[in-house]
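Working notes, structure below.
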Amino acid sequence: MQFQGPTSRLVPEGDDRERLVCRDCGFVLYENPKVIVGAVCTWEDRYLLCRRAIAPRIGFWTMPVGYMELHETTEQGAIREVWEEARATIEVDALLGLYAIPEISQVHMIYRGRMTNPDFAAGPESLEVGLFTWDEIPWDELAYPNVRWSLEYEREMKGRSGFAPRGRPERHAATQKVDKDSPAVLIQP
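Going by numbering that gives the first Met the number 0, the sequence shown opens with residue 0, and the numbers climb by one from there.
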């Protein structure tokens, strides 16, 4: 269904929040959070990271992540994002992180991915891609707080199975700010 006429922001009957509503046909547009999927990928004792080629945070390092597409599972989305950004193939074995980030209306689902081989290359959204030992990770150049959270939790859970995914650390929940120039970027205090 699509809008057939002019729209207004109003609270539809039976709802408790303002929505965009077609004044002619009554169609209600429900604006919902975006789902971000990705993976902390490892090959032996190294972590796969991508240097971003697109805004926001061009030039900063991240794990392969991106928007979930229609008609795919979250696991399929994570595998696809790893291929698109790092030209690497992985097997997903566990949900590592589940981060609700209401400041930017996103939910991030980060998986633990084991690379099936050591091959990788920069995709169109990456300036470069590399495998890093723990001590080589460019900690001061990570694009977002959840990259650090996910890497740290993967290391903590290495070799374990049957663990619960980690959420957003409480110490960050009330202190994150949205960069006014780029509302999709979280800045650490």
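Using N, Cα and C, we set each Cβ at its ideal position, and we do this for glycine too.
For Val34, the pairing in a beta bridge is given by DSSP as Val106.
Beta-bridge analysis with DSSP links Val91 to Gly112.
The DSSP-derived three-state label of Gly129 is strand. For Val10, the secondary structure class from DSSP, reduced to helix, strand or coil, is coil. Contact holds between the segment 44-63 and the segment 130-137, because three or more Cβ pairs, one in each stretch, are under 8 angstroms apart. Note: Ala99 is bridge-paired with Val106 in the DSSP secondary-structure output. Among the bridge pairs identified by DSSP, Leu48 is matched with Gly129.
Three or more Cβ pairs closer than 8 angstroms define a contact, and the segment 8-15 falls short of that threshold against the segment 55-70. Thr61 has Cys49 as its beta-bridge partners, per DSSP. Residue state for Leu69 is assigned as coil, using DSSP reduced to three classes.
Beta-bridge annotation (DSSP): Cys40 is paired with Leu47 and Gly112.
Per DSSP, the unbroken beta strand (DSSP E) holding Arg18 starts and ends at Arg18 to Cys21. Between Val106 and Val64, the C-beta gap is not smaller than 8 angstroms, which leaves the two residues out of contact. Secondary structure at Arg165: strand, using DSSP grouped into helix, strand and coil. Using a C-beta cut-off of 8 angstroms, the segment 71-87 makes no contact with the segment 133-144, since fewer than three inter-stretch Cβ pairs fall below that distance.
Scanning its chain for C-beta atoms nearer than 7 angstroms, with the 5 sequence neighbours on each side dropped, one finds around Leu28 the residues Arg18 and Leu19, in chain order.
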